[in-house]
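Peer 1:
Number of protein chains: 2
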Amino acid sequence: MKVIITAGGTTEKIDDVRSITNLSTGRLGNAIAKSVLRNFGEKLEKLYYIHGNRAIPPLGTNVVSISIGGVSDLEKALKEILETEKIDAVIHSMAVSDYTVKELTTLEDIKEGKTLDAGKKISSDIDDLVIVMKKTPKVISSIKRWSPNTLLVGFKLLSHVPEEELIEVGHVLLLKNGCDFVLANDLKDIKEKTHKGFLVHPDKTYDTMDTKEEIGETISRRVLETLSSNMIKE
Amino acid sequence: MKVIITAGGTTEKIDDVRSITNLSTGRLGNAIAKSVLRNFGEKLEKLYYIHGNRAIPPLGTNVVSISIGGVSDLEKALKEILETEKIDAVIHSMAVSDYTVKELTTLEDIKEGKTLDAGKKISSDIDDLVIVMKKTPKVISSIKRWSPNTLLVGFKLLSHVPEEELIEVGHVLLLKNGCDFVLANDLKDIKEKTHKGFLVHPDKTYDTMDTKEEIGETISRRVLETLSSNMIKE
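Chain order of the listed sequences is A and B.
Heads up: the first sequence runs through residues 1 to 234, numbered per our numbering.
Heads up: the second sequence runs through residues 1001 to 1234, numbered per our numbering.
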């Protein structure tokens, strides 16, 4: 079997030295990858690990590690693999930026109605620097389009919401993007040694986990179980 | 002797999960720290290593590692140490953001002249997100004010300029901030295995180095040499 795991965060460049990054460390993705390697064992022909620059790839002779920067790099890497190889599952744990940089400008220029696509060079001496953002495409919504038969695990991170809302929002993401599972988690429940997560199923039932290792274990077992039962059906 | 090295890059928070970071890896600061530890030897009572979250501190029983986020954290940490202890030298290699986040808003709100300090919550569904920035204080200009007798090494990174301009701009920074040395370098000369740098002196002469290790070696020797000759004068 072949699996893709995305991990860490995307980085959107502002200029040569500055960028907008996501605080994601990639530790969750790493824990999931280790569980997949262990639980799939010899059944795992190849693990593509697509990761942001802070994330550390897992070790393994069947691991192909791909380091990416922005959302467009992620989209390109996923599309290429999914359209050229039969991939059994995508575990999409990467924190993908909702926005990318459209232009650097100044407050004054915006107020004066100057066109924003002029693309002038900004000196570091100006006082009212403004970064204009634009929305990135939702990469997760393309995965089933590129490869309809690939099992898909989506991730939803919210901040300080009640548990019921977390499950509800996770389930909406699942239905919207044709996911087989969605890992829903809340910033307030991510600590140094604990990481609470809910793995939401299509019927809205869910598994509850308390550490990154447990999340990795549950996701890898659920994915393997589903792939194996699909194979029996076929 | 006591030395402070700053390394890596600052991180300015946009919200709970996003931030603006500098691409700096902290590898140069680490190379400098290793040379300082080796060349100062037993003369080094304490090395404060103030670093960004991606930078890896050097090992040593006399190393005190301080992890910081934004420019204001850096300012606070430096001020506190410099005002409470006698520090012999500050080697300020950290890539410090020129800007911090003032507010998140929308293009529409700016055009309509709405006040920017309103501080409203931004949904991730809006299309014309705008990040308004404000200038950060120049931390390097405060160092001699907090501690006039501390030797100061400044750093200047430019992008694609001729060598003469690099030396000139480095020397201007030296004069402006009362630096004893300035390491001037250019993005185009920083590669995986090489890192060209010029250590500019007050008389505008300079040392030329080709790797991070050579830069570390030259800076630590020049600093030690200057501190030792100052001690003889005293």
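C-beta atoms are modelled at their ideal positions from N, C-alpha and C, and glycine is treated no differently.
The structure displayed is predicted, hence computed values, not measured ones.
ILE1091/B: which of ASP1189/B, LEU1174/B and LYS1196/B sits nearest, CA to CA?
Peer 2: Position 91 of the second sequence holds residue 1091/B. For ILE1091/B, the nearest C-alpha among the options comes from LEU1174/B.
Peer 1: Return the CA-CA distance between SER241/A and GLY1008/B, expressed in angstroms with no decimal places.
Peer 2: With chain A covering 1 to 234 only, the question about residue 241/A has no answer from this structure.
Peer 1: Leaving out the 5 sequence neighbours to the left and right, which residues in its chain are closer than 8 Å to ASP117/A when beta-carbon positions are compared?
Peer 2: Looking up residue 117/A in the first sequence gives position 117. Residue placement at ASP117/A is poorly supported in this model, since its pLDDT is 49, which falls under 50; the coordinates still yield a value, given next. Correct list, in chain order: GLU103.
Peer 1: Helix, strand or coil: which one does DSSP assign to GLY1009/B?
Peer 2: By one-based count along the second sequence, residue 1009/B stands at place 9. Three-state result, GLY1009/B: strand.
Peer 1: DSSP state of MET956/B, grouped into three classes?
Peer 2: Here chain B comprises residues numbered 1001 to 1234, so residue 956/B is not present and cannot be evaluated.
Peer 1: Are the region 1156–1168 of chain B and the region 1197–1209 of chain B touching, with three or more C-beta to C-beta distances below 8 Å?
Peer 2: yes
Peer 1: Determine the extent of the beta strand (DSSP E) in which VAL1200/B is found, giving its start and end residues.
Peer 2: Numbered from its first residue, the second sequence carries residue 1200/B at position 200. 1197–1200 is the span of the beta strand (DSSP E), which, as asked, contains VAL1200/B.
Peer 1: Between the region 1016–1030 of chain B and chain A, which residues of the former have CB atoms less than 7 Å from a CB of the latter, in chain order?
Peer 2: From the region 1016–1030 of chain B, only ASP1016, VAL1017, ARG1018, SER1019, ILE1020, THR1021, ASN1022 and LEU1023 have a Cβ closer than 7 Å to chain A.
Peer 1: According to the neighbour-count rule (16 or more other Cβ atoms, all chains shown, within 10 Å of its Cβ), is ASP1016/B buried or exposed?
Peer 2: On the second sequence, residue 1016/B is found 16 positions in, with the first residue counted as 1. By the neighbour-count rule (16 or more Cβ atoms within 10 Å), ASP1016/B is not buried but exposed.
Peer 1: Pull up the distance between the alpha-carbon of ALA89/A and that of ILE1020/B, whole angstroms please.
Peer 2: Your numbering for residue 89/A matches position 89 in the first sequence. Your numbering for residue 1020/B matches position 20 in the second sequence. Each residue's Cα considered, the two are about 33 Å apart.
Peer 1: What would DSSP say about GLU1103/B, mapped onto helix, strand or coil?
Peer 2: To locate residue 1103/B, count along the second sequence from 1; it is residue 103. Correct three-state label for GLU1103/B: strand.
Peer 1: Are VAL247/A and ASN22/A closer than 9 Å when you measure CB to CB?
Peer 2: With chain A represented from 1 up to 234, any question about residue 247/A goes unanswered, as that position is not in the structure.
Peer 1: Who are VAL172/A's beta bridge partners in DSSP?
Peer 2: Reading the first sequence from its first residue, position 172 is the one you call residue 172/A. Assignment of beta-bridge partners to VAL172/A by DSSP yields no partner.
Peer 1: What's the C-alpha gap between GLY69/A and PRO137/A?
Peer 2: Against the first sequence, residue 69/A aligns to sequence position 69. Against the first sequence, residue 137/A aligns to sequence position 137. In a straight line, the C-alpha of GLY69/A is about 15 Å away from that of PRO137/A.
Peer 1: From the DSSP output, in three-state form, read off ALA33/A for me.
Peer 2: Sequence index remark: in the first sequence, residue 33/A carries index 33 (1-based). Note: ALA33/A maps to helix in three-state DSSP.
Peer 1: Using a C-beta cutoff of 9 Å, does VAL132/A count as contacting chain B?
Peer 2: In the first sequence, residue 132/A corresponds to position 132, counting from 1. Closer than 9 Å: yes.
Peer 1: Can you tell me which of the three DSSP states LYS1138/B falls into?
Peer 2: Start at 1 with the first residue of the second sequence, and residue 1138/B comes out as number 138. LYS1138/B: coil per DSSP, three-state reduction.
Peer 1: Give me the residue from LYS135/A, ARG27/A, TRP146/A and ILE190/A with the minimum Cα distance to LEU157/A.
Peer 2: Counting from one through the first sequence, the residue named residue 157/A turns up at place 157. Among LYS135/A, ARG27/A, TRP146/A and ILE190/A, the Cα nearest to that of LEU157/A is on ILE190/A.
Peer 1: Identify the continuous beta strand (DSSP E) that holds ILE91/A and give its terminal residues.
Peer 2: Taking the first sequence and counting its residues from 1, the one referred to as residue 91/A is at position 91. 89–92 is the span of the beta strand (DSSP E), which, as asked, contains ILE91/A.
Peer 1: Using a beta-carbon distance cut-off of less than 7 Å, what residues from the region 98–111 of chain A approach chain B?
Peer 2: ASP98, TYR99, LEU107, ILE110 and LYS111
Peer 1: Identify the contact partners of LEU1129/B in chain A, using a Cβ-Cβ distance below 7 Å as the criterion.
Peer 2: Residue mapping note: residue 1129/B aligns to position 129 of the second sequence, counting from 1. By Cβ distance, chain A contributes TYR99 and MET133.
Peer 1: Can you name the residues of chain B whose CB is closer than 9 Å to the CB of SER72/A?
Peer 2: As a first step, residue 72/A must be located in the first sequence, where it is residue number 72. Within 9 Å Cβ-Cβ: nothing; SER72/A doesn't reach chain B, min ~17 Å.
Peer 1: What in chain B is Cβ-close to LEU187/A, meaning under 9 Å?
Peer 2: In the first sequence, residue 187/A corresponds to position 187, counting from 1. What LEU187/A touches in chain B: ASP1016 and VAL1017.
Peer 1: Near GLY1170/B, which residues of its chain fall below 7 Å by C-beta distance, leaving aside the five closest residues on each side in sequence?
Peer 2: One-based indexing of the second sequence puts residue 1170/B at position 170. Here the set comprises LYS1156, VAL1182, ALA1184, PHE1198 and VAL1200.
Peer 1: Name the two residues that bound the continuous beta strand (DSSP E) containing ALA1184/B.
Peer 2: As a working note, residue 1184/B is residue 184 in the second sequence. Its beta strand (DSSP E) spans residues 1181–1186.
Peer 1: Indicate whether ASN62/A and LEU44/A have their beta-carbon atoms separated by less than 9 Å.
Peer 2: To locate residue 62/A, count along the first sequence from 1; it is residue 62. To locate residue 44/A, count along the first sequence from 1; it is residue 44. For ASN62/A and LEU44/A, yes; Cβs fall inside 9 Å.
Peer 1: Please confirm whether THR208/A and SER93/A have their CB atoms less than 9 Å apart.
Peer 2: The residue labelled residue 208/A in the question sits at position 208 within the first sequence. The residue labelled residue 93/A in the question sits at position 93 within the first sequence. In this structure, THR208/A lies away from SER93/A, with their beta-carbon atoms at least 9 Å apart.
Peer 1: Report the residues of the region 75–96 of chain A with a CB closer than 8 Å to any CB of chain B, ordered along the chain.
Peer 2: ALA95
Peer 1: SER1067/B: which of ILE1143/B, LEU1187/B, GLY1052/B and LYS1002/B sits nearest, CA to CA?
Peer 2: What you label residue 1067/B is simply residue 67 of the second sequence in a count that begins at 1. Taking only the C-alpha atoms, the option nearest SER1067/B is GLY1052/B.
Peer 1: Which stretch, first to last residue, makes up the alpha helix (DSSP H) that contains ASP73/A?
Peer 2: Within the first sequence, numbered from 1, the residue matching residue 73/A stands at position 73. Residues 71–84.
Peer 1: Along the beta strand (DSSP E) that carries ASP207/A, what are the first and last residues, could you check?
Peer 2: On the first sequence, position 207 is the one that residue 207/A refers to. Looking at the DSSP string, the run of the beta strand (DSSP E) that includes ASP207/A is 206–209.
Peer 1: Looking at HIS1195/B and ILE1215/B, is the spacing between their C-beta atoms short of 9 Å?
Peer 2: Within the second sequence, residue 1215/B is the residue found at index 215, counting from 1. Within the second sequence, residue 1195/B is the residue found at index 195, counting from 1. Yes, Cβ-Cβ distance for ILE1215/B and HIS1195/B is below 9 Å.
Peer 1: Once DSSP output is grouped into helix, strand and coil, what is the label at ILE68/A?
Peer 2: Here residue 68/A refers to the residue found at position 68 of the first sequence. Secondary structure of ILE68/A (DSSP, three-state): coil.
Peer 1: What's the gap between the Cα of TYR49/A and the Cα of SER159/A?
Peer 2: The count along the first sequence starts at 1 and reaches residue 49/A at position 49. The count along the first sequence starts at 1 and reaches residue 159/A at position 159. Spanning the two alpha carbons is a distance of roughly 26 Å.
Peer 1: Identify, in the order they occur along the chain, each residue of the same chain with its Cβ nearer than 6 Å to the Cβ of SER35/A, setting aside the five sequence neighbours on each side.
Peer 2: Residue numbering aside, residue 35/A sits at position 35 when the first sequence is read from its first letter. Excluding sequence neighbours, SER35/A sits near GLY216, GLU217 and SER220.
Peer 1: Of the residues that make up the region 1151–1167 of chain B, which ones have a beta carbon closer than 8 Å to any beta carbon in chain A?
Peer 2: LEU1157 and SER1159
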